[in-house]
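Undergrad: The opening residue of the sequence shown carries number 219 in this note's numbering; numbering runs sequentially from there.
A virtual CB, placed ideally from N, CA and C, is assigned to each residue, including glycine.
Since the model is a prediction, treat every value here as computed from it, not as a measurement.
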Amino acid sequence: MPEAPHGKHGFATRMSHAGRAGVRIHGFVNPPVHRGSTVLFPDCESRVAGAKKRYDQFMTYGTQGGPTHYALEDVIAEIEGGTRCTILGTGLAAVAVPLLAFLKAGDHCLMPDSVYGPARNLATTLMQGWGIETTFYDPCVDEAGMAALIRPNTKVVYTESPGSHTFEVQDVPAISRAAHARGCKVLMDNTWGIHHFQPFRHGVDVSIQALTKYVGGHSDILLGSATVNSEEDHLAVRSAASILGQYASPDDCWLALRGVRTMAMRLKAQAEAGLEVARWLEARPEVKQVLHPALPSHPQHALWKRDFSGTCSLFGVVLQPRYSQEDMFRLVDSLRLFGIGASWGGFESLAIPTTGFLTRTAETGDFGGPTFRIHVGLEEVPDLLADLEQGLGTLPR
Ligand SMILES: *Cc1c(COP(=O)(O)O)cnc(C)c1O
């Protein structure tokens, strides 16, 4: 049996060993897929005891998850540096369940203006209908600014750093201090910062991951996770997931466990390639700005350096203001190696327009030129640069 993962080991080592030890698998390296709805009890007394322990990785029925879910939960908790994790069917479900666990009618929620679009959509449709009010705040708010936004009925301060599409890095420790001083829970969408941002060292109570992205890594599954650092928060999230009938396919959990074994290497290779592409684009005269937190030109580069240990391969590109949205569409359409598609974190490169597809209400999110988002995959960098070179060639002289 391989040694259990240990905090002193490096990331790639832990990703090779986490979620394997202690599973009775007849010597096979990987745990099997456990599929099932009915769980049999040896006697009626056990059924009574099981009902009491249902939130404690005690299998009583398929909807409570099984060994494949629990193995993945242990791995994600390890990556996030938390104590307990709940696997959910999509990243968006992992956004929705903690929000609904900590908010009720009459409560107030704060969300950054740069929040993932479908999270904003939940706040402005169902949550609003249930009497939960949401204020969208400037993601670059400081501690005093956050303190001023919190009302007596504010229960959740939501964060996402960097922001979806516009990549503002938030001062999560300062925001968390202001939130906790007023009794609010801090939720964070940490998908971009997986591994490189340790949420519980910066005051986060619930860390959300779209496992669909780098954990899956192959653009073939949808999964999410909500990780916490206390039993109390775990009970709140786990029971909300259970009440709402949330469930994830064990086959997808198994694919995520497969993805995680190579994630350290993929993340490293893609981050390096992404930075190379970002620097190349930044030096081009057609480009006004590259929105990549790891570039010194990024407005919150200092915050990124302080709180993150590295980067992923997702960033924004702002073209010079002389170009139109149609010019940018033509450029993106002309790319051969960059598919036009949502989601990211897979092995393949993507490009998708940002301008024309954003909702912002607290600040403009306008960088003064047509903007698109790039995800760099595992292709060779010279091939990607040649494709971008011909793409930039479609812009009017
Ligand atoms: C993709 C994404 C999600 C949602 O993940 P799905 O599995 O696609 O539902 C949540 N947050 C961020 C930042 C994302 O990019």
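Taking Cβ positions, are P503 and D545 nearer each other than 8 Å?
TA: Contact flag unset, no.
Undergrad: Consult DSSP for T430 and reduce its assignment to one of helix, strand or coil.
TA: Reduced to three states, the DSSP call for T430 is coil.
Undergrad: Exposed or buried, what is R540 when buried is set at 16 or more other beta-carbons lying within 10 Å of its beta-carbon?
TA: Classification of R540: exposed, given that the 10 Å Cβ count is below 16.
Undergrad: In terms of residues, what are the limits of the alpha helix (DSSP H) holding S457?
TA: Where S457 is concerned, the enclosing alpha helix (DSSP H) stretches over 449 to 461.
Undergrad: For V374, name the three-state secondary structure that DSSP assigns.
TA: Note: V374 maps to strand in three-state DSSP.
Undergrad: Closest to F185 by CA distance: which of E598, F415, P614, A520 is it?
TA: Because the chain is modelled from 219 through 615, residue 185 falls outside the range shown and cannot be assessed.
Undergrad: Which residues mark the beginning and the end of the alpha helix (DSSP H) in which S394 is found?
TA: Residues 390 to 399.
Undergrad: Beta-carbon within less than 7 Å of H287's beta-carbon, same chain only, minus the 5 sequence neighbours each way: which residues are those?
TA: Hits under 7 Å: I305, A466, P468, C471.
Undergrad: Name the residue from G595, L310, A604, T384 whose alpha carbon lies nearest to the alpha carbon of Q464.
TA: Closest option to Q464, Cα to Cα, is L310.
Undergrad: Look at the alpha carbon of M345 and the alpha carbon of L405, and state the distance between them as a whole number of angstroms.
TA: In a straight line, the C-alpha of M345 is about 16 Å away from that of L405.
Undergrad: Are the CB atoms of A569 and I592 within a distance shorter than 8 Å?
TA: In this structure, A569 lies closer than 8 Å to I592 by Cβ.
Undergrad: Where do the ends of the beta strand (DSSP E) carrying K403 lie?
TA: Where K403 is concerned, the enclosing beta strand (DSSP E) stretches over 403 to 407.
Undergrad: Going by beta carbon distance, what residues of the same chain come within less than 7 Å of A482, once the five residues before and after it are set aside?
TA: Answer for A482: F229, A230, M233, listed in chain order.
Undergrad: To the nearest angstrom, how far is it from the Cα of P223 to the Cα of Q507?
TA: Note on P223: pLDDT 47, under 50, position unreliable in the model; the coordinate value appears next. Distance between the alpha carbons of P223 and Q507 is about 41 Å.
Undergrad: Could you spell out the range, first to last residue, of the alpha helix (DSSP H) harbouring F259?
TA: Premise fails: F259 is in no alpha helix (DSSP H) and is neither H nor E.
Undergrad: Among Q427, W522, E500, which one has its Cα closest to the Cα of F385?
TA: With distances taken between Cα atoms, F385 lies closest to W522.
Undergrad: Would you check if the distance between the CB atom of P391 and the CB atom of G421 is smaller than 8 Å?
TA: For P391 and G421, yes; Cβs fall inside 8 Å.
Undergrad: Given a cut-off of 8 Å on the beta-carbon distance, is the pair N371 and D325 in contact?
TA: Cβ atoms of N371 and D325: closer than 8 Å.
Undergrad: So which of L290, G611, E581 has the shortest CA-CA distance to L499?
TA: With distances taken between Cα atoms, L499 lies closest to G611.
Undergrad: Check whether the Cβ of K506 sits closer than 7 Å to any heavy atom of ligand 1, and report yes or no.
TA: Checking the Cβ of K506 against ligand 1 gives no.
Undergrad: Beta carbon of I294: closer than 7 Å to some heavy atom of ligand 3?
TA: Among the ligands present in this structure, namely ligand 1, ligand 3 is not found.
Undergrad: Ligand 1 heavy atoms versus the CB of D407: any closer than 7 Å?
TA: Yes, the Cβ of D407 comes within 7 Å of a heavy atom of ligand 1.
Undergrad: Just reading off the beta strand (DSSP E) that V326 is part of, what are its end residues?
TA: According to the sequence shown, residue 326 is His rather than Val. Its beta strand (DSSP E) spans residues 326 to 330.
Undergrad: Pick helix, strand or coil for K226, following the three-state DSSP scheme.
TA: Correct three-state label for K226: coil.
Undergrad: With a threshold of 7 Å (Cβ to nearest heavy atom), would L310 be considered close to ligand 1?
TA: L310 Cβ: within cutoff of ligand 1.
Undergrad: Tell me where the beta strand (DSSP E) around P571 begins and ends.
TA: Segment 568 to 571, the beta strand (DSSP E) holding P571.
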